[in-house]
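Encoded as structure tokens, the structure appears first; notes follow it.
Numbering (our numbering), first residue to last: 232 to 302.
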């Protein structure tokens with residue numbers, strides 16, 4: 232997954248773990264979504280917080296940094 236120019240690696244099952252989410256729709260195959268020639272899906276978003284989204288999808292628990300630790 233290319234998010235704002237930064238590559239993230241994860242399992243398809245992680246991205247599809249929340250039904251009706253944008254990421255589930257993106258990678259589920261239900262809709263034809265184009266990828267880069269390398270096979271990456273692209274999200275035109277700031278990658279700074281995407282790791283928190285992935286961690287939520289992996290654990291189903293929201294874990295955000297304290298304000299002093301925020302990126």
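Just so it is clear, CB atoms sit at the ideal spot from N, CA and C, and this is done for glycine as well.
When the options are compared against residue i, the one with the closest alpha-carbon
i: residue 235; options: 265, 256, 273, 248; result: 273
i: residue 237; options: 289, 281, 255, 248; result: 281
i: residue 251; options: 295, 241, 288, 296; result: 288
i: residue 260; options: 292, 278, 279, 243; result: 243
Residue i - DSSP class collapsed to helix/strand/coil
i: residue 234; result: strand
i: residue 273; result: strand
i: residue 294; result: coil
i: residue 280; result: helix
Rounded separation between residue i and residue j - CA only
i: residue 262; j: residue 253; result: 11 Å
i: residue 275; j: residue 233; result: 8 Å
i: residue 255; j: residue 285; result: 12 Å
i: residue 246; j: residue 298; result: 27 Å
i: residue 239; j: residue 258; result: 14 Å
i: residue 264; j: residue 283; result: 24 Å
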